[in-house]
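Reminder that position 84 of the sequence shown reads as 84 in full-length UniProt numbering, one-by-one numbering, no gaps.
We put the beta carbon where it would ideally sit given N, CA and C, even for glycine.
Since the structure comes first, as structure tokens, the remarks are kept for the end.
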Amino acid sequence: MGLISEKLRTMGVVLPAPIRLPDGELPFPWVRVLGNRALISGHGPASGDGLYSKSKGRVGAEVSFEEAYAAARDTAYAVLANLERELGDLDRVAGWARVFGMVNCTPGFARIPEVINGFSDVIIEVYGLERGRHARSAIGVAELPFGIPVEVEAEVLLA
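Below, the structure is given as structure tokens:
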């Protein structure tokens, strides 16, 4: 067991099963390794069984800020689960390069970066500031697939 997997275990985190979409398989991979980089397709919050979490809707309407922040944390765990499946070991991640977060929200909802902090907080907690720190953008959108409140894509550098 690698150091990152051990850290997750001591945090009491069990990574979710692979995400299962309601309409079948993706025509592209969740994680694509190209040389010393791994490109991570957009992920949403997954529950332990791999289905998208029950939190659905727009932040500022059906979904509270607290639920959205938790959804962003769950999204980080879904990303880590797929990275582990693709790489075999989360210790292969030398550093997080960038994160792009999208929040399904009502017009005027201004706490978008704070929602995506849920994702960033997990990554920095797991990898530490030096390896976990990343460039980041966070935007609000009118809709996300399957009604999920948060979607994140990312890029990591590999050792």
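Cβ pair residue i, residue j closer than 8 Å
{"i": "V141", "j": "M102", "result": "yes"}
{"i": "Y127", "j": "V93", "result": "yes"}
{"i": "V79", "j": "V152", "result": "yes"}
{"i": "residue 160", "j": "V31", "result": "Because residue 160 is not part of the residues shown, which for the chain are 1 to 159, the question remains open."}
{"i": "L129", "j": "S5", "result": "no"}
Closest residue to residue i among the options (Cα-Cα distance)
{"i": "N117", "options": "L144, F65, V14, E143", "result": "F65"}
{"i": "V99", "options": "S5, A61, A76", "result": "A76"}
{"i": "T17", "options": "N82, I123, A138", "result": "Correcting the residue identity first, residue 17 is Ala in this sequence and not Thr. Nearest C-alpha to A17: N82."}
{"i": "G132", "options": "A154, A138, G147, P145", "result": "A154"}
{"i": "P107", "options": "S55, T10, L158, E143", "result": "E143"}
{"i": "A68", "options": "T10, G44, A135, A38", "result": "G44"}
Those residues which DSSP pairs with residue i across a bridge
{"i": "R40", "result": "Before going further, note that residue 40 is Ile rather than Arg in the sequence given. The partner list for I40 (beta bridge, DSSP) reads V31, A154."}
{"i": "G140", "result": "V103"}
{"i": "R58", "result": "DSSP, once it has assigned bridges, lists no residue as partnering R58."}
{"i": "A46", "result": "Y52"}
6 Å Cβ shell around residue i - same chain, five flanking residues per side excluded
{"i": "A138", "result": "G101, I112, P113, I116"}
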